[in-house]
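Remarks on the structure that follows.
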Amino acid sequence: MQHYHNIEIQSKYWPPVTNYHKTRQSISLSNFSKIKIEEQKKYLNSLHQDEKWIITHKLLSDIFAYYYGYRDRCLYNQTDSKEESLILQSKCVLIEFYINNILNIQYNLIASESDAISNISYIINQNSGINHDFFEYIENEMPLDAFIEFLKLEVCRNEIVDDEVALLTVGLQGHMKSVIASNLWDECGNGRLHKFHTYWLRLLISQLNIYDDIINYRETEKPWFANISSNTFNSLLTTPAYKMRAYGHFLTTEAWVNQHFTKVINGLKRVGLYHQDISIYFDAHIGIDTRHTAEILHAINVQSPRLNNYELNEIIYGSKIAEKSGSNSYDLLLKYFKNKYKGQKND
Ligand SMILES: [Fe+2]
Ligand SMILES: [Fe+2]
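The numbers in the sequence shown follow my numbering, run straight up by one, and end at 386.
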């Protein structure tokens, strides 16, 4: 059992991204952000359904990579009010288009408080994301090389969850703020570096020796649909009016972890990757996120002052957004992995 962080493992920049380089900034984002709002909307509406998904997500990925201020996209001490306001404008247009036009989920208003609360507990246990076929594939079929690629994607998806949870605390109050703050404290290892959840990702990377690989993979190979979950959550997190949707989204994805990670662990064992430093991230989260799910749900039940119907319905809507975007991303990932690694032995 490790009691302190390993200096070598802690020594690399987190998340695994390159140094800033102006020429690496996305050309498509700078082109898109230069056109007027009405033209941006017209352009997005003119795309075919598949292209709507691809282009919106590629642009959102660039925007959120910039938004968090890590070394690949930002230079400390340098601002550009014109460029930044154009990015912010593009962000608002893209998020509105994504939520209302692409996802376009029906809003079924639930009138009573008790019905809405029981609906929340129902949908987090019954939705198309929980038992998605992608995780059956990971458990029983995914070949070794594909598994290593999948682990790279898991690092990319989870590398800044602590920042995302930090954003989720903003604007909440009472019990809801308390459980999300406690979740953030867990993400940050209750103050101990070797218990940061990202430290467990560092262990995984170090064991597989893939730090430089991830930097390269992110820039050259990573498929756009691997960003759907992060983009969707960040769209809700960074839009003040979607505060409750973000909470519902987070509740839903936390509730998936137990089932998903249990299958990932079984898959790791099957392909011979079940090493403590690789599995710890998944093993630990099965327990932690089951507790987090219960706490996040409980906070809604005991919240004071009571949540009004509008807020409860927004939580439900956020949960549906997580379900639809998550399932869509898993559909595409399943197709991608099956196709890319077909013919390879699975154990
Ligand atoms: Fe975590
Ligand atoms: Fe969690």
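Glycine included, every Cβ here is placed at the ideal spot set by N, Cα and C.
Computed from a predicted structure; not experimentally measured.
Cβ shell of L243 (< 8 Å), same chain only, five flanking positions each side left out = L190, V194, D316, I317, I319, Y320
Between L275 and G357, which are expected to be in contact by the criterion C-beta below 8 Å, what is the C-beta distance as a whole number of angstroms?
-> 6 Å
Whether I93 touches W263 by CB criterion (8 Å) = yes
Spatially closest choice to L206 from L183, T259, T278, G382, by CA coordinates = The residue with the shortest Cα to Cα distance from L206 is T278.
Could you name the residues whose beta carbon sits closer than 6 Å to any heavy atom belonging to ligand 1, keeping them in chain order?
-> Answer in sequence order: V200, E226, H236, H324.
Check whether the Cβ of I327 lies closer than 7 Å to any heavy atom of ligand 2, and answer yes or no.
-> yes
Would you grab the beta carbon distance between I187 and L247 for me? Rounded to a whole angstrom, and I think it's under 8 Å.
-> 7 Å
8 Å CB neighbourhood of K81 in its chain, flanking five on each side removed | Shown here for K81: not one same chain residue has a beta carbon closer than 8 Å to its own, the five before and five after excluded.
Answer yes or no: the CB of H60 versus the heavy atoms of ligand 4, is any distance below 7 Å?
-> Summarising the ligand content, the structure contains ligand 1 and ligand 2 and does not contain ligand 4.
Measure the alpha-carbon distance for G168 versus N297 and round it to whole angstroms.
-> Answer to the nearest angstrom: the Cα atoms are 12 Å apart.
Under 8 Å between the Cβ atoms of N158 and I149?
-> Going by C-beta atoms, N158 is nearer than 8 Å to I149.
Could you tell me whether the region 280-293 touches the region 374-386, using the rule of 3 or more Cβ pairs below 8 Å?
-> No: fewer than three Cβ pairs fall under 8 Å.
Would you give the residue range spanned by the alpha helix (DSSP H) that F272 belongs to?
-> 267-276
Got a sec: does ligand 2 put a non-hydrogen atom nearer than 7 Å to the Cβ of N222?
-> Yes.
List the whole-angstrom C-beta distance separating E180 from K302, where the pair is believed to meet the contact cut-off of C-beta under 8 Å.
-> In fact, because the Cβ distance is near 11 Å, the residues do not count as touching under 8 Å.
Do A394 and N340 have their C-beta atoms within less than 8 Å of each other?
-> Any answer about residue 394 is impossible in this case: the structure gives the chain only from 40 up to 386.
Around the C-beta of L114, are 16 or more other C-beta atoms found within 10 angstroms, so that it is buried, or is it exposed?
-> exposed
In chain order, what residues of the same chain lie with their CB nearer than 7 Å to the CB of Y281, ignoring the 5 residues before and after it?
-> L275
Would you say the region 44-60 touches the region 83-93, given that touching needs at least three Cβ pairs under 8 Å?
-> Not touching, per the Cβ criterion.
Could you name the residues of the same chain whose beta carbon sits closer than 6 Å to that of K359, not counting the 5 residues immediately before and after it, in chain order?
-> Taken in chain order, the residues that qualify are I144.
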